[in-house]
Each structure stands twice: as structure tokens, then as C-alpha cells.
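Enquirer: Chains as they are written, first to last, in the working numbering: chain E, 1 to 142; chain D, 143 to 284; chain V, 285 to 426.
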Amino acid sequence: MEISTEIIAVDTSEGFDVIDITDRVEKLVATSRLSVGSVVLFAVGATVALTTVEYEPGLVSDMADLFEKLAPKGADYAHNERWQDGNGHSHLRASLVGPSLVIPFLSGGLTLGQWQQIVLLDFDVPARHRDIICQVMGQGAR
Amino acid sequence: MEISTEIIAVDTSEGFDVIDITDRVEKLVATSRLSVGSVVLFAVGATVALTTVEYEPGLVSDMADLFEKLAPKGADYAHNERWQDGNGHSHLRASLVGPSLVIPFLSGGLTLGQWQQIVLLDFDVPARHRDIICQVMGQGAR
Amino acid sequence: MEISTEIIAVDTSEGFDVIDITDRVEKLVATSRLSVGSVVLFAVGATVALTTVEYEPGLVSDMADLFEKLAPKGADYAHNERWQDGNGHSHLRASLVGPSLVIPFLSGGLTLGQWQQIVLLDFDVPARHRDIICQVMGQGAR
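1) Does the beta-carbon of E196/D have 16 or more other beta-carbons within 10 angstroms, so that it is buried, or is it exposed?
2) When you compare only the Cα positions, how much space is there between A49/E and R33/E?
3) Quick one: what does DSSP say A78/E is sitting in, helix, strand or coil?
4) Quick one: Cα of A172/D to Cα of E340/V, how far?
5) In the stretch 121-137 of chain E, which residues sit with their C-beta less than 9 Å from some C-beta in chain V, listed in chain order?
6) To the nearest angstrom, how far is it from the Cα of V60/E to the Cα of S177/D?
7) Quick check on the DSSP output: what are the complete beta strand (DSSP E) runs of length 3 or more inside the stretch 76-131 of chain E, in order along the chain?
8) For G179/D, is the classification buried or exposed, using 16 other Cβ atoms within 10 angstroms of its Cβ as the cut-off for buried?
9) Cβ closer than 9 Å: which chain V residues qualify as neighbours of A9/E?
10) Ignore the nearest five residues each way along the sequence and tell me which others in G109/E's own chain have a CB closer than 8 Å to its CB.
11) Counting Cβ pairs closer than 8 Å, one from the stretch 122-132 of chain E and one from the stretch 76-90 of chain E, do we hit at least three?
12) Between which two residues does the alpha helix (DSSP H) carrying A209/E extend?
13) Determine the DSSP secondary structure at E68/E, reduced to helix, strand or coil.
14) Would you call the stretch 7-17 of chain E and the stretch 127-135 of chain E touching, i.e. three or more CB-CB distances under 8 Å?
15) Excluding the five sequence neighbours on either side, which residues of its own chain have a C-beta within less than 7 Å of the C-beta of G45/E, listed in chain order?
16) Can you find the residues in the same chain that come closer than 7 Å, C-beta to C-beta, to H79/E, ignoring five residues on each side of it along the sequence?
17) Taking only beta-carbon positions, decide if T395/V is within less than 8 Å of chain D.
18) Using the Cα positions of A213/D and R235/D, report the straight-line distance between them to the nearest angstrom.
19) Alpha carbon to alpha carbon, how far is Q117/E from I19/E? Give it in angstroms, no decimals.
20) Could you tell me which residues DSSP pairs with T336/V in its beta bridges?
21) Is there a C-beta anywhere in chain V that falls below 8 Å from the one on T52/E?
22) When you compare the CB of T5/E with every CB in chain V, is at least one pair closer than 8 Å?
23) Mind listing the chain E neighbours of E340/V? Cutoff is C-beta to C-beta under 8 Å, in chain order.
24) Flag this pair as yes or no: are the beta carbons of V97/E and L238/D separated by less than 8 Å?
25) From the DSSP output, read off the bridge partner residues of V278/D.
26) Quick check on this structure: which residue in E81/E, R24/E and L112/E has the alpha carbon closest to the alpha carbon of G495/V?
27) I'd like to know if R426/V contacts chain E, where contact means its C-beta is closer than 8 Å to some C-beta of that chain.
28) Measure the CB-CB distance between T253/D and I417/V and report whether it falls below 8 Å.
29) Along the stretch 65-76 of chain E, what residues have a CB closer than 8 Å to any CB found in chain V?
30) From this set, D204/D, M205/D, Q256/D and V278/D, which residue's C-alpha is nearest P104/E's C-alpha?
31) Cutting at 8 Å between CB atoms, please list the residues of its own chain near L390/V, excluding the five before and the five after it.
32) I'd like to know whether the C-beta of A330/V is nearer than 8 Å to at least one C-beta of chain D.
33) Determine the extent of the beta strand (DSSP E) in which I161/D is found, giving its start and end residues.
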């Protein structure tokens, strides 16, 4: 078994942002030249999360509505009272979804469904620079 | 370290369905003959997710109610307007729970709690055929 | 690649409890003497979950409010009717967040953000003894 680790860096827009990183993860698996294994993805930061979704504008808009319903931006949060950074809702949403994702690959290709993309969800208020750790573990040079 | 990968295939019922795959995962760990490591489980598809739960009819019914409350089937979704497939709620629920799960095993047995089962949550509208990638990574032939 | 597995044991308080286990995970990575790899964390039990959060009293209180809103303690649950243990809400919350977390490490240190801590969320009603399986997988003695 071998491991290679790279950082996927993205710049997000102000407010809720959904960024499709599927192609970049696929490329890192291909570059590793490993055949069988898993990719560990980890979003660095407490107001950002990783999941999969069918990445299309309708669902991006529906996700914005969902998270606004679950943890509204304008509600009262003890975090905001203490720290005055106005991102209590961002923290709650990120903790709910979670920062880590593990995706197996076979014959050098991710085992995603046809309409299943890997996305970073940035819940913070300002635009942010984000790092996703992408660790490819596996065996079998192709 | 060694890796073996198998597919757990299941057929789900129409509407929300919860399928206990614990025994099948346990069997794949046993078949690998590895002693210590982790199982990576990944649900293929954007309207399906994996988690653990005490698998009993009461909680299956309670989960149906929870997800109906969080992302109701009958609400307006931009996804449905664009694609007319009526499963916007299924996508949101699946992204919230997430497609991947990693469970360590010791002495060839999963480290689950006594009342903790591994379940596939199928949120899609029609009955579906589903694949779960089950990758056993570890060492130490028993 | 090498694997070492340890158990992180914690005692939780009655009601919702959030326990920061970051230092204990960091220590197990350091003890493994591995340089590059990932830590698999798994919460044993069906009413407990793992995620990351900025661990400060404001957010702990906000999380309590969030989960009370998503799956209220006092609501009617089929689980409670069947088993009379009054923790239907605990099960739903734990399944929503999920029991597993995978965090890469580089140069022997976790790749967490500066304000990102690893937390156990205990949703059960009574105080509990909890085990978290901590499996360090990686390579490269430092």
C-alpha cells in the first residue's frame, strides 16, 4: 500500500457556496498511478464541509434553502454574542454535514454514481480561501 | 496492508427505505481473513446514504418522520422544476447524511456497539437497485 | 503502511454533552511514530456521533438548541413507545451526524484548521461511558 497527499485549494464566493471538486480528485487519483484503494478527503476549517450531490443549479439553490431552514443566518446564536463574527449558523451547518469523506476507487477511477459529484460546502459569511486535504491510499501500479 | 473490494447489491422498496447491511459487511470482513483494519463503505448514487442506527421498526418509522420534517417530499424544489423527476427532497436528504462510512475492525470483527447496525438509507421515490462499495483494508491473516 | 488501534474512553454527563477529544487523538498519532496517513475515528454506540466544531461554550449551547429543534426530546417517537427508554431523539440525532470521521495527518500532525476541534456528541439521556475507536494508518517513521 502507498499513500500520496495533495492539497486541493479553492477560493469561495461570499455567502453559501457549493464547489464541485470531482475533476480535481479524479486527477489526483490518476496521478497517483494506483489502481485500487480509497481517497480520504478532509475539509480544513470549522465552517466548511464535504458531501456528494448531483451538481446542478437547481439543487445548489435547494441546498441554500435547506440550510437556511435548519440553521437560519438571522437567528440568535450564543457564538455570535461571544465572538461578534456573525457566523454561528455557518458553524452549526458545517458540524451537521461533517468535514470528511472517503471514496473508494477501482481500476484508477472513483466509484461515484453517474450523477454524483463531490462538493465542498462553504457556509462562512465572507469569501474564503479553502484547503481540502486529498489523501490517496492504495495499491497496484497501473 | 492489504485491500479487498466487493460490491454489496441491494434492491430497495418504493419510497423511503432503510436496509440493514451489517451481516453482509461482517461477512466480507471475515472473508478477507484480515485481523485489524477498517472497512470503507460508500453508497453509489446521489439519493442514497449510509449511517448507523439501532435497526428496529420504531426507529425506521421515526427516521421517515424526521426526514419528512427536514426536507418534505411535497415542498417546492428548484431541482424538480428543472428536471421533473420529483426527487429534490431525496437529494437533499442524501447530501445531509452523506454517502461514506468507515468502520474499524479488530480480531476480524467490526467495532460496532451492541445495538448499532449499518444501514443504507434510500431516499429516492421509485424502487431502486443500489450498489454499496465495501473495501476492506488491513493486515494480519488470522 | 502500518496500523495501530487504541480506544479513547470518555465519561459523559447527563443529557446532551460535547467532549473535545482533539488532544487525545493528536497524542495517539504522535505515539504511533508514523509521519503520513489518516486517523479513522469511530464512535461505538447508536446514540453518539463524531464531528468537528470550534469548541467554545457558545457553540456548545447553539448545538444543543439546533438538535432540540431538529429532533426535540419531548416529541412522540415510535421508538419510545416500543422500548420505553425515552431516547428516540438521541438515536435520530446520532444517525443524522454519523459515527465515523477520518482525518489525515502530515509530518505527524493532524490537518485540522486552527479553530477546528474533534468532538464526541453524546445525545443519550443518562450519563454514559463511551468508547471511540482510534485507528492510525500510515507510513514513515519519524
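Backbone N, C-alpha and C fix where the C-beta goes; we use that ideal spot for every residue, glycine too.
Expert: Short version:
1) To locate residue 196/D, count along the second sequence from 1; it is residue 54. E196/D should be labelled buried.
2) As a first step, residue 49/E must be located in the first sequence, where it is residue number 49. As a first step, residue 33/E must be located in the first sequence, where it is residue number 33. Rounded to the nearest whole angstrom, the CA to CA distance from A49/E to R33/E is 27 Å.
3) Position 78 of the first sequence, counting from 1, holds the residue named residue 78/E. A78/E sits in a helix when the DSSP states are folded into three classes.
4) Within the second sequence, residue 172/D is the residue found at index 30, counting from 1. Within the third sequence, residue 340/V is the residue found at index 56, counting from 1. Spanning the two alpha carbons is a distance of roughly 42 Å.
5) The residues in question are D131, I133, C134, Q135 and M137.
6) Indexing the first sequence from 1 puts residue 60/E at position 60. Indexing the second sequence from 1 puts residue 177/D at position 35. Distance between the alpha carbons of V60/E and S177/D: 43 Å.
7) Counting only runs of 3 or more, we get 100-106 and 117-122.
8) Walking along the second sequence from the start, residue 179/D turns up at place 37. Looking at its Cβ environment, which holds 16 or more other Cβ atoms inside 10 Å, G179/D is buried.
9) Here residue 9/E refers to the residue found at position 9 of the first sequence. Ordered by position in chain V, no residue passes the 9 Å Cβ test against A9/E, which lies about 13 Å from the chain.
10) For the purposes of this step, residue 109/E is identified with residue 109 of the first sequence, where counting begins at 1. The residues are E26 and V29.
11) The stretch 122-132 of chain E vs the stretch 76-90 of chain E: in contact.
12) Residue 209/E is absent from the model: chain E starts at 1 and stops at 142.
13) Here residue 68/E is taken as the residue at index 68 of the first sequence, counted from 1. For E68/E, the three-state secondary structure derived from DSSP is helix.
14) Because the criterion of three Cβ pairs below 8 Å is met, the stretch 7-17 of chain E and the stretch 127-135 of chain E touch.
15) Taking the first sequence and counting its residues from 1, the one referred to as residue 45/E is at position 45. Contacts found: R130.
16) As a position in the first sequence, residue 79/E is number 79, starting the count at 1. Apart from sequence neighbours up to five positions away, the residues of its chain that approach H79/E with a beta-carbon distance below 7 Å are G88 and H91, ordered along the chain.
17) Within the third sequence, the letter at position 111 stands for residue 395/V. Judged by the 8 Å Cβ criterion, T395/V is not in contact with chain D.
18) Here the question's residue 213/D lines up with position 71 in the second sequence. Here the question's residue 235/D lines up with position 93 in the second sequence. Whole-angstrom Cα-Cα distance: 7 Å.
19) For the purposes of this step, residue 19/E is identified with residue 19 of the first sequence, where counting begins at 1. For the purposes of this step, residue 117/E is identified with residue 117 of the first sequence, where counting begins at 1. Those two C-alpha atoms are separated by around 10 Å.
20) Residue numbering aside, residue 336/V sits at position 52 when the third sequence is read from its first letter. For T336/V, the pairing in a beta bridge is given by DSSP as I402/V.
21) For the purposes of this step, residue 52/E is taken as residue 52 along the first sequence, with counting starting at 1. For T52/E, the answer is no, since every Cβ of chain V falls outside 8 Å of its Cβ.
22) Locating residue 5/E in the first sequence gives position 5, counting from the first residue. The C-beta of T5/E comes closer than 8 Å to at least one C-beta of chain V.
23) Residue numbering aside, residue 340/V sits at position 56 when the third sequence is read from its first letter. Per Cβ cutoff of 8 Å: H79, R82 and W83.
24) Position 97 of the first sequence, counted from the first residue, corresponds to residue 97/E. Position 96 of the second sequence, counted from the first residue, corresponds to residue 238/D. A contact, by the Cβ cut-off of 8 Å.
25) Here the question's residue 278/D lines up with position 136 in the second sequence. Answer is S146/D and V181/D.
26) Nothing about residue 495/V can be read from this structure; chain V reaches only from 285 to 426.
27) Residue numbering aside, residue 426/V sits at position 142 when the third sequence is read from its first letter. Legend: pLDDT at R426/V = 49, less than 50; position of this residue unreliable, value from coordinates given subsequently. No - not a single Cβ of chain E is within 8 Å of the one on R426/V.
28) In the second sequence, the residue the question calls residue 253/D occupies position 111. In the third sequence, the residue the question calls residue 417/V occupies position 133. A contact, by the Cβ cut-off of 8 Å.
29) Result list: L70 and A71.
30) Stepping through the first sequence from its first residue, residue 104/E is reached at position 104. Just measuring C-alpha positions, the residue of D204/D, M205/D, Q256/D and V278/D sitting nearest P104/E is V278/D.
31) The sequence position of residue 390/V within the third sequence is 106, counting from 1. Around L390/V, the same chain offers S319 and V320 as residues with beta carbons nearer than 8 Å, after the five sequence neighbours per side are excluded.
32) Here the question's residue 330/V lines up with position 46 in the third sequence. So, interface residue.
33) Residue numbering aside, residue 161/D sits at position 19 when the second sequence is read from its first letter. Membership of I161/D in the beta strand (DSSP E) is indicated by the continuous run D159 to D162.
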